[in-house]
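*Asks:* Starting off with a structure, shown below.
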Amino acid sequence: RVRQDFSEWLKNFFAIDEVRSSDVVLAINEALANSAEFAYLLAERPGTIDIQAVYHANTQTLTACISDRGQWRKRQTEPAPRTRGRGIPLMETLSDDAKIEPSSSGTTVRLEWRGITRR
Numbered sequence: 225r226v227r228q229d230f231s232e233w234l235k236n237f238f239a240i241d242e243v244r245s246s247d248v249v250l251a252i253n254e255a256l257a258n259s260a261e262f263a264y265l266l267a268e269r270p271g272t273i274d275i276q277a278v279y280h281a282n283t284q285t286l287t288a289c290i291s292d293r294g295q296w297r298k299r300q301t302e303p304a305p306r307t308r309g310r311g312i313p314l315m316e317t318l319s320d321d322a323k324i325e326p327s328s329s330g331t332t333v334r335l336e337w338r339g340i341t342r343r
């Protein structure tokens with residue numbers, strides 16, 4: 225549902241082609257999927273994930289922040305199977321800037337796209 229709603233929001237408010245729109249939606253979906261899968265893995269109860277998108281007209285930049293209050297997963301000692309581990313590189317490739325900010329109170333993924341114009 226988030227993918228569809230975000231796609232509609234992009235289409236309604238921004239002059240963005242379908243390929244770039246798909247890139248934005250896929251990158252955000254990857255951040256949400258990582259958070260859903262890993263943030264609360266060892267938690268006693270389910271947690272929440274927040275998404276916020278902000279458009280900065282003066283710089284024509286769209287910033288999306290996906291935040292949770294879970295634990296950042298520890299680095300694996302064994303290599304991940306070849307079918308896993310593509311989410312972060314995908315977010316980095318699909319956005320103009322991608323930052324992951326883990327802290328003791330949760331993790332925020334900040335994705336940014338430049339050159340986005342309003343309708």
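Just so we're on the same page, the numbering used here is the position in the sequence shown counted from 1, plus 224. For every residue, glycine included, the Cβ atom is placed at its ideal position computed from N, Cα and C. Since the model is a prediction, treat every value here as computed from it, not as a measurement.
Counting beta carbon pairs with one atom in the stretch 310 to 329 and one in the stretch 262 to 272, are three or more of them shorter than 8 Å?
*Replies:* Cβ pair count under 8 Å is below three, so no.
*Asks:* Note down the Cα distance separating E336 from T287, rounded to an integer number of angstroms.
*Replies:* Taking the sequence shown and counting its residues from 1, the one referred to as residue 336 is at position 112. Taking the sequence shown and counting its residues from 1, the one referred to as residue 287 is at position 63. Answer to the nearest angstrom: the Cα atoms are 4 Å apart.
*Asks:* With 16 as the cutoff for other CB atoms within 10 Å, does G294 come out buried or exposed?
*Replies:* For this step, residue 294 is matched to residue 70 along the sequence shown. Per the 10 Å Cβ criterion, buried.
*Asks:* Of the residues C289, L250, E232 and I290, which one's Cα is nearest the Cα of P313?
*Replies:* Against the sequence shown, residue 313 aligns to sequence position 89. Considering only alpha carbons, the answer is L250.
*Asks:* Quick one: what does DSSP say L265 is sitting in, helix, strand or coil?
*Replies:* In the sequence shown, residue 265 corresponds to position 41, counting from 1. Coil at L265, not helix or strand.
*Asks:* Leaving out five residues on either side along the sequence, give the residues of the same chain with a beta carbon under 6 Å from the beta carbon of A277.
*Replies:* If you number the sequence shown from 1, residue 277 lands on position 53. These residues qualify, in order along the chain: A288.
*Asks:* Measure the C-alpha to C-alpha separation of D229 and I240 and round it to an integer number of angstroms.
*Replies:* Indexing the sequence shown from 1 puts residue 229 at position 5. Indexing the sequence shown from 1 puts residue 240 at position 16. Straight-line Cα distance between these residues: approximately 15 Å.
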